[in-house]
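As given, the protein sequences belong to chains A and B, one line each in that order.
Here the first sequence stands for residues 515 to 839, where the numbers follow the working numbering.
Here the second sequence stands for residues 15 to 200, where the numbers follow the working numbering.
C-beta: ideal position from N, C-alpha, C; glycine also.
To start, the structure itself, in structure tokens.
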Amino acid sequence: MNPPFGIPPELFTILLALGLLAGFVGLNGLVLVYLERKVAGHIQRRPGPFEVGPHGILQPLADALKLVGKQLITPRGADKWLFWTAPIISFAPVFVLFLPIPFGPVLTAMEMDLGLLLILAFAGINVLALCLAGWSSENKWSLLGAARAVAQSVAYEIPLLLAVLAIAFQFGSLNLSTIVSGQGAWPWQWNIMVQPVAFFIYFVCALAETNRAPFDLPEAESELTAGFHTEYSGMGFGIFFLAEYANMIVVCAVATALFLGGWNGPAAPGVWWFLVKVYLLLLVMMWFRWTYPRVRFDQLLNLSWKWLLPLALINLLVTLVLVKI
Amino acid sequence: MIREFGKALQGLWSLAIGLGVTFRAFVRPQVTVHYPRATVDDANLRTYHGHVELIGKDDAPEVPRCISCGMCAMNCPSACLAVVKQKAPKPTPEQTKAMEEAEARGEKVKKPTAPKDPARFTYDFSLCSLCGTCVESCPVDSLRFSTELYQAGFDRNDFHFDLLARLRGQAESRPGEASTPAQGGQ
């Protein structure tokens, strides 16, 4: 495809990808909200949304319209600039996170050797946003939620990195496409068979990093009303929400690429296998959310420092030794 | 150390069991009712405690068992019940005359007494907390919880009930049924 206006082809690809990604993220937000509520409903043996459209399929659209239409309120005493920058900071890195993800054999926005590193680095920015949101709201719930978010992120980023590192050492690459093509098409050729412990650690840490139940302590609606986004109305809250769902997709996409063979899928490789696997992981995340009660804060930190971190270290050491042999 | 690991594995196993529980709930049929497209079946309705209603006499279902004692209204913590007794029927001039004559003769006269059932029995459901104190305190078991489930309204006056009129309506529409309480009044 020839780019118009004499834009360099690389830049054009990235711009096109960003446009497509914006649509993808927005659409996914709607789909995931619907899925989440349906899964919650069926697990509690009720229908979930049912009134807007056939089987409530238009419900998320109605929700989104409601959020867009609501007034944006800045609480008195809040730091206005920080308060409104926080949702933007939370959402902005999402686009960067999607760039190196290999959706299909050719469907990768930007091939880069340090793709994995880029994702891990930019995923950390979300915490800054939560921290700013909680700090600038001038609200005790928000502040507590922010404090929790920071402690939780620091605790869980380390085992997550170590788990991912095991895979990176195994393939000698941080390029997600290389890692995907290094795995076979069939489930027994996937990394999850070689590195089940790493997958387990990665998935638990991913739940914690995206603030999903049972690790949703920064939000903890029963204790902190809504945690860091208590004071946000309308799209301020909506953007945090969208960013959370986008981050969920990112962690599931990375898990798919690293452990589940990516687009290589059983027969007929292509982008559909990637999406199927990502959505299955997302469904598992929802399943977890509606099964497990929220952990206490000391339990959360104990789990990370006392179990996941040593486990990840041992796993990494064993991987290193095996790779060297 | 080994015990700690055993506990962790046990914990993991219990997490798996939990997932099994929710998965089974996920695939099993729903238990909620899509109101207003569907209504609740009788078996579930029978255990429902709706607003308070009067119970008719066995032989005359349109007349409540109530003896207008007012215990329910007195005990009601929300003051949502009001019972008005019936007045004794006014004797006709001839009857008055006959009674006076009999009294003059020194006979024992039986003056007309008021019927026991109430003249008015009103109930403000918008105040009621459904505590059931009235049902328990009724000495003649004339009150019970109805199984009236569908009670959306646009006006708070929709929830000011005349229980006598309701009982009469029930006696007309379902003869014989009004006097058989669904749950023995308790």
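ask   = Taking Cβ positions, are A/Trp700 and A/Pro780 nearer each other than 8 Å?
value = For the purposes of this step, residue 700 of chain A is taken as the residue at position 186 of the first sequence. For the purposes of this step, residue 780 of chain A is taken as the residue at position 266 of the first sequence. Closer than 8 Å, so yes.
ask   = Helix or strand or just coil, what does DSSP make of A/Leu738?
value = By 1-based counting over the first sequence, the position of residue 738 of chain A is 224. Correct three-state label for A/Leu738: helix.
request  = Compute the distance between the beta-carbons of B/His48 and A/Pro561, then report whether it is under 8 Å.
outcome  = For the purposes of this step, residue 48 of chain B is identified with residue 34 of the second sequence, where counting begins at 1. For the purposes of this step, residue 561 of chain A is identified with residue 47 of the first sequence, where counting begins at 1. Closer than 8 Å, so yes.
message = What does the alpha-carbon distance come out to for the pair A/Phe538 and A/Val608?
response = In the first sequence, residue 538 of chain A corresponds to position 24, counting from 1. In the first sequence, residue 608 of chain A corresponds to position 94, counting from 1. For A/Phe538 and A/Val608, the distance between alpha carbons rounds to 12 Å.
Separation of B/Val97 from A/Lys580, as counted between CA atoms = The residue you call residue 580 of chain A lines up with position 66 of the first sequence. The residue you call residue 97 of chain B lines up with position 83 of the second sequence. Roughly 49 Å between the two C-alpha positions.
inquiry  = I'd like the list of long-range same chain contacts for A/Cys645, defined as Cβ closer than 6 Å, with 5 residues on each side in sequence excluded.
reply    = Translated into positions along the first sequence, residue 645 of chain A becomes position 131. Closer than 6 Å at the Cβ level, and outside the excluded window around A/Cys645, lie Ala660 and Val664.
message = By the 8 Å beta-carbon criterion, what residues does the region 792-822 of chain A contribute toward chain B?
response = Trp801, Phe802, Trp804, Thr805, Tyr806 and Trp821
task = Provide the residue span of the alpha helix (DSSP H) that contains B/Tyr137, from first to last.
result = Within the second sequence, the letter at position 123 stands for residue 137 of chain B. No alpha helix (DSSP H) holds B/Tyr137; the beta strand (DSSP E) holding it covers Arg134 to Asp138.
inquiry  = So B/Arg17 contacts chain A; which residues on that side make the cut at Cβ distance below 7 Å?
reply    = Walking along the second sequence from the start, residue 17 of chain B turns up at place 3. By Cβ distance, chain A contributes nothing, its closest Cβ being about 15 Å from B/Arg17, past 7 Å.
message = Can you check whether the C-beta of B/Gln100 is within less than 8 Å of a C-beta belonging to chain A?
response = Numbered from 1 along the second sequence, position 86 holds the residue referred to as residue 100 of chain B. No, B/Gln100 lies away from the interface with chain A (no Cβ there is under 8 Å from its Cβ).
ask   = What in chain A is Cβ-close to B/Gln44, meaning under 7 Å?
value = For this step, residue 44 of chain B is matched to residue 30 along the second sequence. Ordered by position in chain A, the residues that pass the 7 Å Cβ test against B/Gln44 are Arg559, Arg560 and Pro561.
message = Between which two residues does the beta strand (DSSP E) holding B/Glu67 run?
response = One-based indexing of the second sequence puts residue 67 of chain B at position 53. From DSSP, the beta strand (DSSP E) with B/Glu67 extends over Val66 to Leu68.
message = Quick check on the burial criterion: 16 or more other C-beta atoms within 10 angstroms. Buried or exposed for A/Val768?
response = Against the first sequence, residue 768 of chain A aligns to sequence position 254. Counting Cβ neighbours within 10 Å, A/Val768 comes out buried, since at least 16 surround it.
inquiry  = Mapping the DSSP letters down to three states, classify B/Ala96 as helix, strand or coil.
reply    = For the purposes of this step, residue 96 of chain B is identified with residue 82 of the second sequence, where counting begins at 1. Three-state DSSP puts B/Ala96 in a strand.
task = Taking only beta-carbon positions, decide if A/His556 is within less than 8 Å of chain B.
result = Reading the first sequence from its first residue, position 42 is the one you call residue 556 of chain A. Interface residue, yes.
query = So who's on the other strand from B/Pro202, going by DSSP bridges?
reply = The structure shown does not extend to residue 202 of chain B, since chain B spans only 15 to 200, so no value can be given for it.
query = Along chain B, which residues have their Cβ under 9 Å away from the Cβ of A/Phe564?
reply = As a first step, residue 564 of chain A is located in the first sequence; it is residue number 50 there, counting from the start. Here the neighbours are His48.
query = According to the neighbour-count rule (16 or more other Cβ atoms, all chains shown, within 10 Å of its Cβ), is B/Ser140 buried or exposed?
reply = Looking up residue 140 of chain B in the second sequence gives position 126. Exposed.
task = Could you name the residues of the same chain whose beta carbon sits closer than 6 Å to that of A/Ala600, not counting the 5 residues immediately before and after it, in chain order?
result = Taking the first residue of the first sequence as position 1, residue 600 of chain A is located at position 86. Once the five neighbours on either side are set aside, the close Cβ partners of A/Ala600 are Ala643, Leu646 and Ala647.
ask   = chain A beta carbons: is any one of them nearer than 8 Å to that of B/Leu33?
value = Indexing the second sequence from 1 puts residue 33 of chain B at position 19. So, interface residue.
query = Helix, strand or coil for A/Phe617 per DSSP?
reply = Residue numbering aside, residue 617 of chain A sits at position 103 when the first sequence is read from its first letter. Note: A/Phe617 maps to coil in three-state DSSP.
query = From the beta carbon of B/Phe40, is the nearest beta carbon of chain A less than 8 Å away?
reply = Counted from its first residue, the second sequence places residue 40 of chain B at position 26. So yes, B/Phe40 belongs to the interface.
inquiry  = Taking 8 Å as the threshold (C-beta atoms), are A/Tyr806 and A/Gly543 in contact?
reply    = In the first sequence, counting from the first residue as 1, residue 543 of chain A sits at position 29. In the first sequence, counting from the first residue as 1, residue 806 of chain A sits at position 292. Cβ distance not < 8 Å, so A/Gly543 and A/Tyr806 don't count as in contact.
query = Based on Cα-Cα distance, which residue from A/Phe597, A/Ile828, A/Met624 and A/Val678 lies nearest to A/Ile753?
reply = Counted from its first residue, the first sequence places residue 753 of chain A at position 239. For A/Ile753, the nearest C-alpha among the options comes from A/Phe597.
request  = Let me know if A/Ala635 comes out buried or exposed under the rule of 16 or more other beta-carbons within 10 Å of its beta-carbon.
outcome  = Walking along the first sequence from the start, residue 635 of chain A turns up at place 121. A/Ala635 should be labelled exposed.
ask   = With a cut-off of 8 Å, does the C-beta of B/Ala87 fall near any C-beta of chain A?
value = Here the question's residue 87 of chain B lines up with position 73 in the second sequence. Not closer than 8 Å to any Cβ of chain A, the Cβ of B/Ala87 fails to qualify, so no.
ask   = Just reading off the beta strand (DSSP E) that B/His174 is part of, what are its end residues?
value = For the purposes of this step, residue 174 of chain B is taken as the residue at position 160 of the second sequence. Per DSSP, B/His174 belongs to the beta strand (DSSP E) from His174 to Asp176.
key: First through last residue of the alpha helix (DSSP H) which encompasses B/Phe37   = Within the second sequence, numbered from 1, the residue matching residue 37 of chain B stands at position 23. Start and end: Ile16 to Val41.
query = With B/Arg170 and B/Glu67 assumed to form a contact (beta carbons below 8 Å), what rounded beta-carbon distance in angstroms separates them?
reply = Position 156 of the second sequence, counted from the start, is the residue given in the question as residue 170 of chain B. Position 53 of the second sequence, counted from the start, is the residue given in the question as residue 67 of chain B. Contact doesn't hold; Cβ gap of about 19 Å is too wide.
query = Hey, would you say A/Asn653 sits closer than 8 Å to A/Ser604, going by beta carbons?
reply = The count along the first sequence starts at 1 and reaches residue 653 of chain A at position 139. The count along the first sequence starts at 1 and reaches residue 604 of chain A at position 90. Contact flag unset, no.
task = Identify which residue in A/Ala531, A/Pro728, A/Ser656 and A/Leu572 has its Cα closest to the Cα of A/Val610.
result = Position 96 of the first sequence holds residue 610 of chain A. The shortest C-alpha separation from A/Val610 is found at A/Ala531.
key: Min CB distance B/Ala192 to chain A below 8 Å   = One-based indexing of the second sequence puts residue 192 of chain B at position 178. Because the pLDDT at B/Ala192 is just 43, under 50, the model does not fix this residue reliably, and the value given afterwards should be weighed accordingly. Not closer than 8 Å to any Cβ of chain A, the Cβ of B/Ala192 fails to qualify, so no.
task = Just confirm the distance between the C-beta atoms of A/Leu586 and A/Gly750, as a whole number of angstroms; I'd bet it's less than 8 Å.
result = Start at 1 with the first residue of the first sequence, and residue 586 of chain A comes out as number 72. Start at 1 with the first residue of the first sequence, and residue 750 of chain A comes out as number 236. Going by Cβ atoms, the distance from A/Leu586 to A/Gly750 rounds to 6 Å, so yes, they are a contact pair.
ask   = Which value, in whole angstroms, describes the spacing of the CA atoms of A/Gln724 and A/Val835?
value = To locate residue 724 of chain A, count along the first sequence from 1; it is residue 210. To locate residue 835 of chain A, count along the first sequence from 1; it is residue 321. The residue you asked about is not Gln; residue 724 of chain A is Thr in the sequence shown. C-alpha separation (whole angstroms): 32 Å.
message = Tell me the DSSP secondary structure of B/Phe168 in three-state form.
response = Here the question's residue 168 of chain B lines up with position 154 in the second sequence. Coil, per DSSP.
request  = Tell me, please, whether the CB atom of B/Ala209 is closer than 8 Å to any CB atom in chain A?
outcome  = In the structure as shown, chain B starts at 15 and stops at 200, and residue 209 of chain B therefore has no counterpart that could be examined.
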